[in-house]
Amino acid sequence: MMPAIRTPTKQQGVIDQPPSPSNQIKKQEVTDPPSTPPKQVKKLTRRSLEKWEGTATDSTSTKGEVLVISPGAITKKSRVREAAALATRAKTALGLSRNLKTEVKDTVLDLLDRLKKLVADSEADLQAERARKGNGGPVSDAPVNITTDATFTVPPDSGMSKKLEEHSRLLLENNERMKVLQEQLVKCSQAAEVQQRSYANVVASKPQQPASRPAALHSVVVTSENDEETADEVLGKVRQAIDAKEGWVKVDRVRKAKDRKVIMGFGTVEERKKAQDRLAKKGSGLVVEEVKNRDPLLVLRGVLAVNTDGDVIKALRNQNRDLFNNLGPGEDRLLVKYRRRTRNPHLVNVVLSASPTLWARITGVGSVHVDLMRVRAEDQSPLVQCTRCLGYGHGRKYCKDPADLCSHCGGPHLKAKCTDWLAGSPPSCRNCRRAKFDNIEHNAFSDDCPVRRRWDDLARSTVAYC
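Each residue of the sequence shown is one higher than the one before, counting from 1 in the UniProt record's numbering.
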């Protein structure tokens, strides 16, 4: 019997394919014993992905250098771009601030450029430090341009984060300083707008009096019981009785007045009291009277003429209540003294006397509400000047001069009819000519007149401003 031959079965799912030449060659090599020993095939093993990535180098192309991008690089790149964007926004906002001075803008721009450079330098130092630690050797420090789109490979974080925090803190401090500076500039501009006055207002208003007022003198009036004694004889008796050379009392001022009177001024109430006691003991035949200081004056300019004196006082108290708060006993004194006409027939200037505290508050604010208007409040000199003879110490009503004198040249005519004034000639002050002063080229009513200043100081010496 012939042995049975088993037919090999095909595996399920395998599709019959025609034998390829390579398969035929392999079959032939299996059936035919090889004449030479077969070559040993080298086994291919897969390298570790981590080792392959670790030994990878940057590839180059004709378009430029291609760097490997890591998450750290993206983060640092975003920080650099953010710093550049913040600097650009700050410069844009600074450019829109038109009310800033050029020096301030230049200073802030220099600070922004410096902060931007510090951020770029810190990124470059951080990259170099991390690359040095990762590769085991020094690398060249290349500057980083924060405006480019290049990406950088940054190893894990190192100690340079502290520098970044420091730079961020400096940037925040600079932003805060810019905000404070802008607020100050806004306040200054608002204050300038409030204080801004037109040329016409400046010309029409009188020059402001100096802030420091001469201290009020505490005075006494000394006269004689004998009507035949002159002022010189009364002064001699006062000098003999006081004998100030002994140094026990300080007399600030002494002058002769009308009706054989002598006025003595002292700096304090205590000095005046000591002089009164001495005159009462040793001043035989002398009569001593204490002079009470007057309240200071203020003027309200441009009040509606329809308001009576009572209406003005009522409006001041009701429409300006903050000025009358917390007044001490006896300090709530306010009285209308007189009025002056203005060029506008519907307005008047009201002159009032007030206590020193109330006078300081009203003149300090500069303006008050009266009826339907806000009017200027200014200091008013107590000096009285005659409009007829241009002298001081009395008014037109009590003047004994027969004719009106010109305030421009001092002639016996009104200013409106003065030929020198109509011709444009410089003025000539009558009072300064009589006093033989060199500077006479000013009007007799001018505040720059030296004679008027002397009389004004004398009039204010009896006014208590504090």
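Where is the CB? At the ideal position from N, CA and C, for every residue including glycine.
If you're wondering where the values come from, they're calculated on a predicted model, not measured in any experiment.
So residue i and residue j are in contact, right, with Cβ under 8 Å, and what is the actual spacing, rounded?
i: V220; j: M264; result: 5 Å
i: A171; j: L115; result: What sits at residue 171 in the sequence shown is Leu, not Ala. Yes, L171 and L115 are in contact; Cβ-Cβ is about 5 Å, under 8 Å.
i: R361; j: L335; result: About 16 Å separates the two Cβ atoms, so there is no contact after all.
i: V463; j: P382; result: 6 Å
i: H346; j: L304; result: 7 Å
Buried or exposed: which applies to residue i, given that a residue is buried once 16 or more other Cβ atoms fall within 10 Å of its Cβ?
i: C188; result: exposed
i: Q380; result: buried
i: residue 474; result: Outside the displayed range of the chain (1 to 466) lies residue 474, so it cannot be described from this structure.
i: S61; result: Note that S61 has pLDDT 44, beneath the 50 cutoff, so the model's placement of it is unreliable and the number below is only indicative. Classification for S61: exposed.
i: R453; result: exposed
i: A83; result: buried
i: V186; result: exposed
i: R460; result: buried
i: N325; result: exposed
i: D243; result: exposed
i: S122; result: buried
i: L96; result: exposed
i: L316; result: buried
i: V144; result: Residue confidence is low: V144 scores 47 on pLDDT, short of 50, so the model does not pin down where it sits. No coordinate-derived value is stated.
i: S140; result: Only weak support is given to the placement of S140: the predicted model assigns it a pLDDT of 47, under 50, and the value that follows is read from those uncertain coordinates. By the 10 Å Cβ count, S140 comes out exposed.
i: V180; result: exposed
i: H218; result: buried
i: V80; result: buried
i: A87; result: buried
i: P427; result: buried
i: V269; result: exposed
i: Q208; result: Only weak support is given to the placement of Q208: the predicted model assigns it a pLDDT of 47, under 50, and the value that follows is read from those uncertain coordinates. Per the 10 Å Cβ criterion, exposed.
i: D438; result: exposed
i: D456; result: buried
i: K250; result: exposed
i: Q385; result: buried
i: R169; result: exposed
i: K415; result: buried
Could you say which of the options lies nearest to residue i if we only look at CA atoms?
i: W248; options: R278, G236, T342, K256; result: R278
i: H408; options: R433, V384, D227; result: R433
i: K314; options: G411, V291, V368, P382; result: V368
i: T387; options: G302, P402, E378; result: P402
i: E225; options: V306, D332, M373, V287; result: V287
i: M373; options: Q385, D243, V306; result: V306
i: E228; options: D252, D259, R255; result: D259
i: V348; options: R321, N293, R376, L86; result: R376
i: D447; options: K436, S461, N431; result: N431
i: D332; options: C389, R321, S425; result: R321
i: E378; options: G366, N443, Q385; result: G366
i: L118; options: R177, H167, D309, A128; result: H167
i: S284; options: G328, G236, E246; result: G236
i: E441; options: D420, W455, D457, V384; result: D420
i: M160; options: Q240, Q127, A423; result: Q127
i: R301; options: K261, T342, G330; result: T342
i: E271; options: G411, D252, A93, R130; result: D252
i: A444; options: L458, A241, D457, G411; result: G411
i: M178; options: A280, K273, V104; result: V104
i: D309; options: L458, L327, R339; result: R339
i: A261; options: K281, E246, E289; result: Before going further, note that residue 261 is Lys rather than Ala in the sequence given. With distances taken between Cα atoms, K261 lies closest to E289.
i: K162; options: A131, A435, D125, A85; result: D125
i: Q89; options: D457, R169, D106, N175; result: The displayed chain sequence assigns Arg, not Gln, to residue 89. Of D457, R169, D106, N175, the residue nearest in Cα terms is N175.
i: Q182; options: R169, C399, A93; result: A93
i: G364; options: P329, K415, Y465; result: Y465
i: K101; options: R169, A120, E129, Q184; result: Q184
Taking the Cβ atom as the reference point for each residue, do residue i and residue j lie within a distance shorter than 8 Å?
i: C429; j: C449; result: yes
i: K91; j: L109; result: yes
i: T223; j: V234; result: yes
i: V370; j: V291; result: no
i: K256; j: A231; result: yes
i: K273; j: A241; result: no
I want to see whether chain B comes within less than 8 Å of residue i, judged by CB atoms only; does it?
i: K273; result: The structure shown contains no chain B, having only a single protein chain.
Kindly confirm or deny that the segment 389-401 and the segment 354-373 touch, where touching means at least three C-beta pairs closer than 8 Å. no
Cβ pair count under 8 Å reaching 3, the segment 343-359 against the segment 290-309: yes
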